[in-house]
Every structure is written in structure tokens, then in C-alpha cells.
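Which chain is which? The protein sequence lines are A and B, in order.
Residue numbering for the first sequence follows the numbering used here, starting at 1 and increasing by one per position.
Residue numbering for the second sequence follows the numbering used here, starting at 1 and increasing by one per position.
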Amino acid sequence: MTPASRSRIGALAVALLLTWLVGYPLLLTLLQALEVEGRISFEPLHAFAGAADEWAALGRSLLVATASVVLAALVGVPLAFVFARTDFPGRRILGALVALPVALPPLVGVIAFLFLYGESGFVPRLLMDLFDLEKSPWRLHGLGAILLVHTYSMYVYFYLFTRAALARMDGASLEAAASLGSGAWRTFWRVTVPQLYPALLGAALLTFMTALGSFSAPYIFGGGYRVMTTQIVASKVSGDLARANLESVALAALALIALIAVRTLQGSMVDATSAHGVAPRPRRIRRPGVRLAFAVLGWTLAIVLLLPHLTLMLISLVPSGTWTTELLPPVLDFGNYRELATEPERLRPMVNSVWMAAVATLGAVALGLLTARRARATRGRMGDALEALVALPWAIPGTVFAVALAATFSVSQPWFGRFLWVGTPIILPLAYLVRVLPITGRAAIAGLRQLDPALEEAAWSLGASRTRSFFRIVLPLMRPVLAAAVGLSFITALGDFVVSIVLYTYETRPISIEILSTLRSQSFGVAAAYGVMLMLLSAAAFLVWGRGEAAP
Amino acid sequence: MHRHLSKTAHWLANRLWPRSPTARSPAARSLAGRSRAARLRASLGLACLALLPLAACTGDGRTPLLVYSPHGRDLLTLFEETFEAAHPEVDVRWLDMGSQEVYDRIRSESANPQADVWFGGPAAILSRAAEEGLLEPYRPAWADAVPTSSQDPENRYFGVYRTPPVIVYNSDVVAESDAPQDWSELLEPAWQGKVLIRDPLASGTMRTIFGYIVANAVRETGSTEAGFDWLRRLDTQTKEYVHSPALLHQKMVRQEGLVTMWELTDILFQQQRGNPLGYRFPTGGTPVIDDAAGLVRGARRPDLARTFLDWIGSKEALALAAEKAFRLPARTDMPSDSLPPWAREALEHMVPAEVDWRLIEADGADWMTTWDRTIRGKGGDAPVGSAP
Numbered sequence: 001m002t003p004a005s006r007s008r009i010g011a012l013a014v015a016l017l018l019t020w021l022v023g024y025p026l027l028l029t030l031l032q033a034l035e036v037e038g039r040i041s042f043e044p045l046h047a048f049a050g051a052a053d054e055w056a057a058l059g060r061s062l063l064v065a066t067a068s069v070v071l072a073a074l075v076g077v078p079l080a081f082v083f084a085r086t087d088f089p090g091r092r093i094l095g096a097l098v099a100l101p102v103a104l105p106p107l108v109g110v111i112a113f114l115f116l117y118g119e120s121g122f123v124p125r126l127l128m129d130l131f132d133l134e135k136s137p138w139r140l141h142g143l144g145a146i147l148l149v150h151t152y153s154m155y156v157y158f159y160l161f162t163r164a165a166l167a168r169m170d171g172a173s174l175e176a177a178a179s180l181g182s183g184a185w186r187t188f189w190r191v192t193v194p195q196l197y198p199a200l201l202g203a204a205l206l207t208f209m210t211a212l213g214s215f216s217a218p219y220i221f222g223g224g225y226r227v228m229t230t231q232i233v234a235s236k237v238s239g240d241l242a243r244a245n246l247e248s249v250a251l252a253a254l255a256l257i258a259l260i261a262v263r264t265l266q267g268s269m270v271d272a273t274s275a276h277g278v279a280p281r282p283r284r285i286r287r288p289g290v291r292l293a294f295a296v297l298g299w300t301l302a303i304v305l306l307l308p309h310l311t312l313m314l315i316s317l318v319p320s321g322t323w324t325t326e327l328l329p330p331v332l333d334f335g336n337y338r339e340l341a342t343e344p345e346r347l348r349p350m351v352n353s354v355w356m357a358a359v360a361t362l363g364a365v366a367l368g369l370l371t372a373r374r375a376r377a378t379r380g381r382m383g384d385a386l387e388a389l390v391a392l393p394w395a396i397p398g399t400v401f402a403v404a405l406a407a408t409f410s411v412s413q414p415w416f417g418r419f420l421w422v423g424t425p426i427i428l429p430l431a432y433l434v435r436v437l438p439i440t441g442r443a444a445i446a447g448l449r450q451l452d453p454a455l456e457e458a459a460w461s462l463g464a465s466r467t468r469s470f471f472r473i474v475l476p477l478m479r480p481v482l483a484a485a486v487g488l489s490f491i492t493a494l495g496d497f498v499v500s501i502v503l504y505t506y507e508t509r510p511i512s513i514e515i516l517s518t519l520r521s522q523s524f525g526v527a528a529a530y531g532v533m534l535m536l537l538s539a540a541a542f543l544v545w546g547r548g549e550a551a552p
Numbered sequence: 001m002h003r004h005l006s007k008t009a010h011w012l013a014n015r016l017w018p019r020s021p022t023a024r025s026p027a028a029r030s031l032a033g034r035s036r037a038a039r040l041r042a043s044l045g046l047a048c049l050a051l052l053p054l055a056a057c058t059g060d061g062r063t064p065l066l067v068y069s070p071h072g073r074d075l076l077t078l079f080e081e082t083f084e085a086a087h088p089e090v091d092v093r094w095l096d097m098g099s100q101e102v103y104d105r106i107r108s109e110s111a112n113p114q115a116d117v118w119f120g121g122p123a124a125i126l127s128r129a130a131e132e133g134l135l136e137p138y139r140p141a142w143a144d145a146v147p148t149s150s151q152d153p154e155n156r157y158f159g160v161y162r163t164p165p166v167i168v169y170n171s172d173v174v175a176e177s178d179a180p181q182d183w184s185e186l187l188e189p190a191w192q193g194k195v196l197i198r199d200p201l202a203s204g205t206m207r208t209i210f211g212y213i214v215a216n217a218v219r220e221t222g223s224t225e226a227g228f229d230w231l232r233r234l235d236t237q238t239k240e241y242v243h244s245p246a247l248l249h250q251k252m253v254r255q256e257g258l259v260t261m262w263e264l265t266d267i268l269f270q271q272q273r274g275n276p277l278g279y280r281f282p283t284g285g286t287p288v289i290d291d292a293a294g295l296v297r298g299a300r301r302p303d304l305a306r307t308f309l310d311w312i313g314s315k316e317a318l319a320l321a322a323e324k325a326f327r328l329p330a331r332t333d334m335p336s337d338s339l340p341p342w343a344r345e346a347l348e349h350m351v352p353a354e355v356d357w358r359l360i361e362a363d364g365a366d367w368m369t370t371w372d373r374t375i376r377g378k379g380g381d382a383p384v385g386s387a388p
């Protein structure tokens with residue numbers, strides 16, 4: 001067997017594995033959605049296409065996703081410019097703080113927002129006190145509330161991607177433009193912005209997909225404003241599985257269309273990142289007044305960004321039932337934490353979350369590396385297919401994927417690749433693995449691209465085996481990129497709520513589910529204490545692993 | 001298994017972060033001088049792996065019994081401890097979730113059932129599950145002591161508690177005499193925009209109340225139209241649909257809304273915690289929910305599950321639940337002095353409505369879908385003052 005055909009077979013095996021994990025459950029969902037009395041029919045599709053409320057929900061999902069992209073860009077991109085291009089007091093600390101929303105897990109973050117900006121939350125109460133208002137100035141509710149939460153949690157994508165791109169930008173091109181007589185404005189639009197396109201597009205896609213699949217915010221703030229993710233869960237809980245399947249298919253189709261559209265757009269663009277050079281140094285602001293203004297603005301921003309975290313910490317110290325209409329809680333103590341620490345059963349979900357997130361991350365790194373290696377070895381159409389497959393879970397909203405996975409692995413048909421995994425501890429870590437696969441896979445692909453193949457070839461020619469050269473040469477060189485991906489994957493899996501709620505079992509109940517159950521029993525303080533733990537774990541992971549160069 | 005895992009972790013660690021810097025590649029040399037941060041990362045990664053064997057060992061030799069229940073942490077912890085004290089060889093485990101979610105979960109796990117006992121939830125939901133073959137017939141020892149209306153003719157589920165929905169108000173702002181006396185008074189202009197409702201889709205309690213309203217219309221007028229019309233007017237009065245009971249109570253206490261409809265048990269718990277919530281039994285009658293329990297089909301520990309079912313309906317367990325967790329027993333043979341004062345008072349003032357449960361079981365799900373798609377939120381944001 002020639003090496004070429006061997007690598008093709010390897011690539012085929014990886015492609016099959018990915019298809020089984022990612023594409024197959026979706027295909028089965030589609031088939032189930034179209035099944036009427038044991039036969040495939042287009043009848044349900046017709047009925048679905050005629051349902052005005054389904055179209056309305058789909059439209060709202062699209063609106064929420066698009067508006068989230070616009071708002072997140074409006075916040076994230078200017079911030080990135082400020083931090084990359086200007087120097088002012090506290091720039092370094094603030095630059096790190098700005099990424100903090102990443103460490104606020106979805107469900108917990110939404111609850112923090114509720115206590116902070118909700119109708120009887122801290123900020124409205126403060127405004128009512130200050131301005132002597134009779135009623136709360138606003139209600140955190142509907143589209144506005146969803147977008148507020150989305151903007152807060154998703155501008156980070158634009159911020160990080162833009163900052164990374166600005167750091168890679170060649171300063172010489174700016175100088176060249178200036179020396180050719182181009183004004184600052186013109187240089188910005190004609191030189192800087194085009195170089196940022198790939199990063200902006202990447203951030204936009206990530207934001208769009210996250211917002212489209214977002215569940216916690218619409219679930220808690222949506223009320224009558226029903227988007228597709230909440231619609232799916234409502235149908236499933238009401239026992240209308242056929243409708244839930246159809247809705248899932250519709251949402252996945254919308255996401256895929258967006259993904260294909262962006263990829264087409266991307267393909268027609270020149271690769272601007274190939275330029276190598278030195279990024280322009282941040283401009284030091286000298287005028288004292290302007291310096292002060294920047295510092296004040298920067299710190300105000302940091303406080304606004306930190307408020308949800310602080311709120312969560314505050315609630316975790318409030319004993320149950322003591323905070324009603326007062327502006328600030330009258331009693332504070334550590335009772336909620338004591339409750340967590342003294343009951344071993346209540347620490348269990350934390351252990352569960354940590355091991356599942358660790359296993360899923362490790363698995364995703366291994367699978368991501370395998371895919372990246374095969375894609376690089378085969379190139380061509382097969383390589384493209386592998387890269388697309390590894391990115392696909394991005395485009396599938398968590399709810400859809402979880403429902404599909406639950407249906408696929410509730411039957412034992414080994415010959416059809418279906419195993420009885422529902423109710424076992426396998427399925428949830430597996431779902432996490434697939435959810436974070438795009439993060440590790442993309443990082444591995446990007447890392448391999450930056451790697452000079454000559455290094456590995458040199459190792460081979462010196463007699464190192466392939467395994468040895470991989471572990472001794474390739475992996476160490478890719479570590480910065482992989483470390484960032486590991487940190488992000490770990491946080492994502494650790495804080496997951498959407499997938500967990502469909503697939504957890506008693507043995508694998510994660511923190512987010514325990515938070516939900518604690519909320520059911522009215523103990524906001526204990527729920528917040530869990531939230532703080534989760535936040536600290538995420539922040540620790542972010543600091544320890546995430547400090548490697550970000551790899552967008 | 002543990003040894004094997006730790007060996008794997010060791011091997012992996014050696015591969016990823018080699019200890020001896022013997023290799024001559026530039027990469028390996030850079031590794032040799034790796035920073036403390038890198039070591040920290042490595043050891044943290046390993047610590048996570050080390051948790052794996054810890055997580056894999058769950059049991060402690062006792063036989064686990066898994067209970068799915070919407071009855072809340074307080075009652076479930078109490079029952080876990082009491083039952084385990086009497087049966088030291090048993091480890092009672094429970095998952096607390098909405099009753100509609102219990103149904104959804106048991107159904108999606110039916111190929112590989114996890115739960116042994118389904119403890120709690122309106123009989124209408126258990127009846128639906130029973131029709132789908134999710135419950136195993138079993139007649140508990142106490143079955144004869146509950147009214148026939150709380151029994152499944154095929155012995156698949158039986159009522160354990162009776163849970164009356166009541167009208168709830170914030171007692172700091174609303175005087176008892178001003179609070180609505182009957183369901184229909186919730187529609188009065190005075191409560192416009194002050195009504196909060198627990199999102200009925202995921203809630204067995206709300207489904208029962210809404211189902212009762214529509215079924216009542218069918219009984220009185222022969223069609224569902226009047227019932228949906230009533231719900232449409234309620235929607236106009238409603239300020240917000242709240243996604244969980246916890247948030248509902250929170251918003252009530254914080255005066256975001258002043259009146260709601262909810263079950264007595266939770267409100268008594270709220271009062272015990274010092275929260276300013278009052279309640280009234282609707283004068284025209286309330287659809288008292290039969291909170292039922294049953295044996296899950298395909299349960300792994302069916303014998304133990306039967307023992308547990310026998311126990312939860314015993315006089316001793318019912319008295320305990322009434323005393324500590326505000327649960328009204330479904331059994332009619334409880335001696336009056338075994339019940340706490342609140343229960344005696346409830347039995348005296350509660351007006352159980354006549355309800356066509358069969359109709360709700362048959363059509364309730366469709367009604368809720370109709371409500372959800374055509375009524376919910378259509379009038380909720382109407383400005384204050386626009387009469388319904």
C-alpha cells in the first residue's frame with residue numbers, strides 16, 4: 001500500500017467518525033421529522049411551512065442573531081481599537097478585565113442580570129431612589145432584554161478577534177499609505193478595515209451562531225417573545241416530539257445557510273493575514289485631560305462589565321428571604337457557602353462538571369489534532385470536507401444537537417452506529433466533546449498551518465518515528481495555540497446548560513443543573529454560591545490555560 | 001480500573017510533558033526550560049484526570065433507589081433521611097424537576113430507564129405516561145384508603161397528596177379583604193397588569209388550573225370557546241409569564257406583581273420563611289390536584305421501588321409530610337389529631353371543584369398548545385387602563 005493511499009484511508013476513517021458524531025444524529029432527526037406512520041412523507045413539511053407562528057419564531061431567531069452581531073460589533077470593535085492603538089493609565093489591567101464576560105456562565109449570567117437590571121433589581125431601585133420615581137424605569141423583558149444580555153456576553157468575540165488581528169497587522173502598510181498622502185480617515189477605511197475583514201467575519205459568524213442557539217436569555221426574559229430554541233423546548237416538554245424535530249431541522253437549516261453564506265463570502269476575499277510585519281505601537285496619550293478622560297471612561301466601563309459578577313457574589317452572601325424591597329440586602333453572611341461545604345451530595349455536581357469538562361476537552365483536542373493532521377496530509381477536497389465537518393457543530397444550536405443525540409442513542413442498533421447510551425454517563429461528556437470540537441479543531445488547523453513542515457521532516461530524516469516526532473516536535477510547537485483552545489473548551493463545557501438539561505443523568509448531573517434545581521427550591525443564595533464557584537473555576541481555567549496566544 | 005486509568009494518565013503526562021530533557025530538538029530544549037506556569041498547567045490538567053477515577057466510583061455498597069420528583073428539596077431530603085434510617089441498606093437518590101419534565105425525561109429514557117419511582121405530579125400527567133406504557137402496574141398497601149377518584153383503574157398510579165391551587169397575594173400591599181375571592185375576580189380592572197403567572201407549559205399545576213377553566217367551559221356551555229375567552233382576558237391582565245416557581249415567588253415578594261395563582265404547599269413554605277405572601281381558597285371551588293406516584297416500567301430495582309411506594313403512603317410518612325412539608329394527605333382515614341393545624345384548616349375551608357379529569361387528560365395537551373400559540377402574550381403588554 002502506498003503512503004498516499006494509506007493517508008487517504010486514514011482521512012476517510014476520520015471523516016466517517018466525524019460524520020457519525022456530527023451529521024448522523026441530525027440526519028436521523030430529519031428522517032424522524034418526516035416520518036408519518038412509518039413512511040417518509042413531505043406532509044409534515046407542508047404543514048410546517050403553513051404555520052405562521054413557526055415562521056414568526058424563525059424570523060425572531062434571525063432578528064435576535066443579526067441584531068446581536070451588530071450590537072456586539074458596535075461595542076467590541078471600538079474597544080479593541082482603543083486598547084490596541086492607545087496607551088493610557090491602567091490599559092493592561094483593563095485590557096484583561098474586558099474579556100471577563102467569558103467567565104460568566106450562561107444561566108448564572110442571566111440570573112445575575114435579573115438581580116441587577118430586572119424590574120426590582122439593584123439598578124432600577126437605585127434610579128427610583130435617586131429620582132424619586134414611582135415605578136421602575138424599565139422592565140427587563142422581551143427583545144431588549146435578550147439583546148442586552150447577548151451584547152454583554154458576545155462583544156468579547158469581536159473584541160478578542162479584532163485585537164488579535166490588529167496585533168498582527170503590518171504597521172508599514174499604514175506608514176506607506178500616510179506617506180502617499182492618504183489622510184487618517186482614508187487610511188482607516190482603505191487600509192486598516194480591509195485587513196480586518198477575516199477577523200470581523202469570524203467574530204460575526206461566531207456571534208451569529210451563539211445568538212441563534214442561545215437558550216437561557218430567551219427562556220428567562222423572553223416571555224411571549226418566542227424564538228426557535230424556546231419553541232423547540234416547549235414542543236418537546238408538551239410531548240409533541242414530531243413538531244420539536246421539525247423545528248430543530250428548521251433552525252439547523254437556518255444556521256447552515258448562514259454558515260454557507262459566510263464561507264462563500266470568505267472564499268471571495270483576499271487573504272489579508274499573509275502580510276507579515278510589525279504592528280504599530282500603541283500611541284501614548286500625552287495631554288493630561290485626555291489621559292484622565294480615557295482612564296475614567298475605561299474604569300467606568302470595567303465596573304459596568306464587572307457588575308454582574310459582583311451582583312452574583314453579593315447574592316451568594318444573602319441569607320434566604322431577607323432581601324425584599326430594600327435597595328441593598330440587610331443581612332450578609334457565609335451561610336450559603338456553609339450549606340454547600342457541609343453536604344457532600346452538593347459538592348458532587350462540581351466534581352461531575354470538572355471531570356466531564358476535562359474528558360470532553362481532552363477528547364476534543366485529540367480528535368481536533370487527528371482531523372487537522374489528516375486534513376493537512378490529504379489536502380484537496382477531502383481536506384476541505386474534514387475542515388468543514390469539524391466546524392459544523394458551531395452551526396448547530398445546542399438544543400437541536402442535544403435532542404438529536406438523545407434520539408440517536410436511545411436505540412441499540414450497533415450495525416447502524418446506534419448504541420443505547422441514553423441514561424448512561426457516556427452521552428453527556430460525548431455531547432460536550434462535539435460541542436467544543438470546533439474550538440479545538442480550528443485551533444489545531446490554524447496551529448498546523450503556522451508550523452514549518454521542514455521541522456518534522458528533519459526529525460524523520462534523523463530517524464525519529466512518526467509518533468516520536470509528533471509528540472516531541474509538533475505538539476510542543478503547537479502548545480500556545482492549543483492551550484488557548486483547551487482553556488476556552490474547558491470553560492464552555494464547564495458552564496454548559498443547554499445540552500446538559502436534555503442529557504444529564506443522576507450520576508452526571510453538572511453544576512448548571514444543580515443550580516436550576518436549587519433555583520426551584522427558592523434558594524437564590526445557594527444558587528448564586530454555585531454560580532460564584534463556577535465563575536471562579538472558569539476564571540482559573542481562563543488564566544491558567546488561556547494566556548497562550550489566542551487563535552481565532 | 002482505577003489503576004489502569006492512572007497508568008494511562010501517567011503515560012499521557014509523560015508523552016505531553018517529558019520529564020528528561022534528553023531530546024535534542026529545539027522544541028524539546030525549549031521545553032526543558034519551561035516556565036512554572038507550564039508546570040502549573042500540566043499539574044492542573046493531571047488533577048482533572050485524577051478526578052476521573054474518583055468520579056467513576058459512585059456506590060458505597062448500598063443499593064441505590066432513584067426517584068424522580070417535583071416535590072422539592074425539602075420534602076425529598078426529609079424522605080431520603082427517614083427512609084434510609086429505616087432501611088440502612090438503601091441509598092435513596094433523587095432528582096428534583098418540574099412534573100412535566102419528569103414525564104419528558106422518563107419518556108426519553110424509556111429505552112434505558114434510569115428512575116425507579118415517579119413520585120409526584122398531577123394524576124393527569126401520570127395518566128398520559130401510563131397510556132404510553134411508561135408505568136408498571138402496582139397496587140400499594142394503602143391504595144384502598146384513597147378515594148376511587150384518586151386511583152387508576154389499572155393500578156398504574158395512585159394519589160398520595162391533594163394539592164389545592166389557591167389565589168396568592170402580596171400581604172404587605174394587599175389586605176386580605178381586598179384580595180380576589182374567586183378566580184374570576186383576577187379579571188377585574190383593579191388587577192390589570194398586576195397578575196403574574198407561572199409559565200404554564202412546563203408546570204403541571206398551571207396546566208391543571210388552565211385545563212380546569214377550559215373543561216369548566218365545556219361543562220357549562222358545551223364548547224371550549226368561553227374557556228379560551230377567559231384565558232384571553234387573563235392574558236390581558238397578566239404582566240408576565242415567569243419561567244420558574246422560584247422567580248414567581250421572588251417577583252411577588254419584590255412587588256413586581258401583586259396577585260397570582262399557585263399551589264398551597266409552596267405558599268405555606270414561603271410564609272414559613274417569613275415572606276409576605278397570603279393566600280385564599282377560591283370561593284367558587286378549586287381544582288384540587290391529585291399528586292400521584294407510580295412505579296416506572298423497566299425500573300432496575302422494582303422490589304425496592306415497591307417498598308418505597310408502600311412507605312410514602314403510610315400514615316407515618318403522610319403525617320411527616322404534612323407536619324414538615326405542608327403536604328395534604330390523599331388518604332381519607334387519617335386521624336384528625338395526626339394532622340397539623342394548617343391542614344385541618346385547609347380541609348375545612350377548601351372547596352374542591354367538580355372537575356372532568358378525563359376530559360383534561362384527553363384534550364389538555366391540545367388546549368395548552370392552542371393557548372401557547374394563539375393566546376400567550378397577545379394582550380400582556382397592553383398599557384394600564386385599557387379595559388379588557
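Virtual Cβ for every residue (Gly too), placed ideally from N, Cα, C.
Would you please state the rounded distance, in angstroms, between the beta carbons of Ala319(B) and Ser338(B)? I believe it to be under 8 Å. About 5 Å separates the two Cβ atoms, so the contact holds.
Mapping DSSP to helix, strand and coil, what is Gly487(A)? helix
Under the assumption that Ala217(B) contacts Thr208(B) (Cβ atoms under 8 Å), give the Cβ distance between them as a whole number of angstroms. Actually they do not touch by this definition, with Cβ atoms about 15 Å apart.
Measure from the C-beta of Met350(B) to each C-beta in chain A and report whether the shortest distance is under 8 Å. Chain A, which has no Cβ nearer than 8 Å to the Cβ of Met350(B), makes this no.
What is the DSSP secondary structure of Arg29(B), counted as helix, strand or coil? At Arg29(B) the pLDDT is 42, less than 50, meaning the model places this residue with poor confidence and gives no usable figure here.
Just checking: is the beta-carbon of Gly463(A) within a distance shorter than 8 Å of some beta-carbon in chain B? no
Would a check of beta-carbon distances place Val422(A) closer than 8 Å to chain B? yes
Can you give the Cα-Cα distance for Pro282(B) and His243(B), rounded to whole angstroms? Cα-Cα distance, rounded: 24 Å.
Please state whether DSSP places Ala272(A) in a helix, a strand or coil. For Ala272(A), the pLDDT reaches just 44, beneath the cut-off of 50, and the residue's location in the model is therefore unreliable, leaving the point undetermined.
Name the residue from Thr440(A), Val486(A), Ser469(A), Val22(A) whose alpha carbon lies nearest to the alpha carbon of Ala454(A). Nearest option by C-alpha distance: Ser469(A).
Interface residues of chain C around Gly72(B) at Cβ under 8 Å? Annotation note: the requested chain C is absent from the structure, which comprises protein chains A and B.
Measuring only the C-alpha atoms, how far is Leu75(B) from Met356(A)? 30 Å
Determine the closest residue to Gln100(B) out of Ser61(A), Ala199(A), Tyr24(A), Val237(A), with distance taken between C-alpha atoms. Val237(A)
Would you call the stretch 223-232 of chain A and the stretch 79-99 of chain B in contact, with 3 or more CB pairs under 8 Å? no
What number of angstroms, rounded off, separates the C-alpha of Phe401(A) from the C-alpha of Gly294(B)? Approximately 31 Å, taken between the alpha carbons.
Please confirm whether Phe215(A) has its beta-carbon closer than 8 Å to some beta-carbon of chain B. no
Quick one: using the 10 Å Cβ neighbour count with 16 as the cut-off for buried, is Arg281(A) buried or exposed? It counts as exposed.
Tell me whether Thr370(B) sits in a helix, a strand or coil according to DSSP, three-state version. Three-state DSSP puts Thr370(B) in a helix.
Determine, using beta carbons only, whether Leu66(B) comes closer than 8 Å to chain A. Yes, Leu66(B) counts as interfacial toward chain A.
Going along the chain, which residues of its own chain have a beta-carbon closer than 6 Å to the beta-carbon of Ser150(B), five neighbours each way excluded? Contacts found: Gly159, Asp290, Ala330.
Which residue comes first and which comes last in the beta strand (DSSP E) that contains Phe42(A)? First-last for Phe42(A): undefined, no H or E at that position.
Between Leu420(A) and Met169(A), what straight-line distance do the alpha-carbon atoms span, to the nearest angstrom? So the alpha carbons of these two residues sit roughly 51 Å apart.
So Ala202(B) is in the alpha helix (DSSP H); what residue range does that whole segment cover? Careful: Ala202(B) lies outside any alpha helix (DSSP H) and carries neither H nor E.
Contact between the stretch 147-157 of chain A and the stretch 67-76 of chain A (3+ Cβ pairs under 8 Å): They touch, by the three-pair rule.
Taking only runs of the alpha helix (DSSP H) that begin and end inside the stretch 12-79 of chain A, which ones reach a length of at least 4 residues, in chain order? Fully contained in the stretch 12-79 of chain A are the following alpha helix (DSSP H) runs of length 4 or more, in chain order: 24-34, 43-49.
For Ala179(B) and Ile167(B), which I take to be in contact (beta-carbon distance under 8 Å), what is that distance rounded to the nearest angstrom? 7 Å
Taking 8 Å as the threshold (C-beta atoms), are Glu387(A) and Ala375(A) in contact? Yes, Cβ-Cβ distance for Ala375(A) and Glu387(A) is below 8 Å.
What does DSSP give as the partner residue(s) for Ala293(B) in the beta ladder? Phe119(B), Phe158(B), per the DSSP bridge assignment.
Rounded C-alpha distance that separates Leu347(B) from Arg327(B): Distance between the alpha carbons of Leu347(B) and Arg327(B): 12 Å.
Give the list of continuous alpha helix (DSSP H) stretches no shorter than 4 residues that lie fully inside the stretch 274-321 of chain A. The qualifying runs are 288-316.
Quick one: what does DSSP say Leu575(A) is sitting in, helix, strand or coil? The question about residue 575(A) has no answer here: the residues shown for chain A are numbered 1 through 552.
Would you please state the rounded distance, in angstroms, between the beta carbons of Leu126(B) and Ala292(B)? I believe it to be under 8 Å. 5 Å
Please check the pair Val390(A) and Leu18(A), which I expect to be a contact at CB under 8 Å, by giving their CB distance rounded to whole angstroms. Contact flag correct, Cβ pair sits at about 6 Å.
Mind checking whether Ala443(A) and Gly368(A) have CB atoms under 8 Å apart? yes
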